[in-house]
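Residue numbers (my numbering): 1 to 309.
Let me begin by presenting the structure, written as structure tokens, before commenting on it.
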Ligand code: NCD
């Protein structure tokens, strides 16, 4: 049984493939899975704001016939009385079969694993990792392209604090023929430790870094846009100075390949103009939808449920 998904590399490449295939089966015939998690309970513990991640987990569990306990607002729980994460997890893991946690501190999901008697899924820990967003991103590619390998990826925006970028870049290192274009202001470049984890997996990986998005747009098969992570800045002035560095509008999209894909983990702030949404290459809302199906597959796998139908 899989006890944790904290770092995206906690699952093997074979397990990813299995999840994509299961996710696709569930997507195509959800009616066959409505009773699968019948007697199971999932807890969502969110110490940070969320729309898609929490609700797609909860919807995924409901669609599997399971039940959900949610702690979305820490001000109404014992966290507000000063309870430690360790004590909260020790208690909650008696009530449920699986825990999904989001926390502003890097490393907190690993702490949860230490104190939990049930499987734990990291739904984002600070600027560290967000493995189920990576599953969502790769599942989207699998559904659109049938494969992850052989693509040039452009990552644009806040590559320093963006945990979805950290997780996706690290995981892509396992796939052949992946090129990285890193588009960011100098202050928000990809941290060296993430580059190191990529190089550990694939010593031949190279990074093309630029602060000029126009230069690289024509080369990309996938453009992964991200918002500037305001809540992780120490200084509001820096945020205000950097927040509109990159804005993807229709003119820029016209510079891209006809069959490129534009992805975004969402929420969007101002980095993609609304007119782009109508372009067939813009698939970020479909991506958010697919996230629910891959989470159904993940919950089933981590609860040890049989998805063969
Ligand atoms: C992301 C996150 O929380 O890291 N959102 C999400 O889960 N889809 C991206 C972000 O907040 O910018």
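For every residue, glycine included, the Cβ atom is placed at its ideal position computed from N, Cα and C.
Residues of its chain near residue i, where Cβ-Cβ distance is below 7 Å and the 5 sequence neighbours each way are ignored
| i | result |
| --- | --- |
| residue 106 | 125, 126, 127 and 128 |
| residue 175 | 148 and 149 |
| residue 26 | 33, 293, 296 and 297 |
| residue 194 | 166, 169 and 170 |
| residue 244 | 270 |
| residue 266 | 52, 284 and 288 |
Contact test: residue i Cβ vs ligand 1 heavy atom, cutoff 7 Å
| i | result |
| --- | --- |
| residue 124 | yes |
| residue 131 | no |
| residue 93 | no |
| residue 170 | no |
| residue 267 | yes |
| residue 134 | no |
| residue 52 | yes |
| residue 44 | no |
| residue 210 | no |
| residue 31 | no |
| residue 164 | yes |
| residue 226 | yes |
| residue 229 | yes |
Residue i versus residue j - alpha carbon distance
| i | j | result |
| --- | --- | --- |
| residue 226 | residue 157 | 5 Å |
| residue 130 | residue 123 | 6 Å |
| residue 160 | residue 309 | 42 Å |
| residue 324 | residue 191 | There is no way to answer for residue 324, as the model of the chain reaches only from 1 to 309. |
| residue 81 | residue 47 | 14 Å |
| residue 17 | residue 215 | 34 Å |
| residue 14 | residue 240 | 43 Å |
| residue 251 | residue 242 | 21 Å |
| residue 112 | residue 255 | 45 Å |
| residue 103 | residue 272 | 27 Å |
| residue 208 | residue 178 | 12 Å |
| residue 354 | residue 211 | The structure shown has nothing for residue 354, since the chain only spans 1 to 309. |
| residue 172 | residue 197 | 11 Å |
| residue 220 | residue 183 | 12 Å |
| residue 2 | residue 119 | 7 Å |
| residue 99 | residue 151 | 34 Å |
Same chain, Cβ closer than 6 Å to residue i, neighbours up to 5 away in sequence not counted
| i | result |
| --- | --- |
| residue 262 | 223, 281 and 282 |
| residue 7 | 129 |
| residue 92 | 43 |
| residue 115 | 86, 89 and 90 |
| residue 20 | 139 and 142 |
| residue 133 | 164 and 265 |
Bridge partners - residue i, DSSP secondary structure assignment
| i | result |
| --- | --- |
| residue 126 | For residue 126, which the question treats as bridged, DSSP gives no partner whatsoever. |
| residue 67 | 41 |
| residue 152 | 179 |
| residue 90 | Answer by DSSP bridge pairing: none, since residue 90 is not bridged. |
| residue 248 | 272 |
| residue 294 | Per DSSP, none; premise fails for residue 294. |
| residue 99 | 43 and 120 |
| residue 4 | 120 |
| residue 282 | 262 |
Sequence-distant residues of its chain with Cβ nearer than 8 Å to residue i (five each side left out)
| i | result |
| --- | --- |
| residue 187 | 160, 238 and 242 |
| residue 307 | 22, 25, 26, 33, 36, 297, 300 and 301 |
| residue 290 | 23, 27, 136, 139, 140 and 143 |
| residue 95 | 41, 43 and 69 |
Write down every uninterrupted run of the beta strand (DSSP E) in the segment 12 to 56 whose length is 3 residues or greater and which is fully enclosed by it, in chain order. 41 to 46
If you scan the segment 158 to 228 from start to end, which runs of the alpha helix (DSSP H) of 4 or more residues do you find wholly inside it? 163 to 172, 192 to 201 and 213 to 216
Report the start-end ranges of each alpha helix (DSSP H) in the segment 250 to 275 that is 4 residues or longer and not cut off at the edges. 250 to 253
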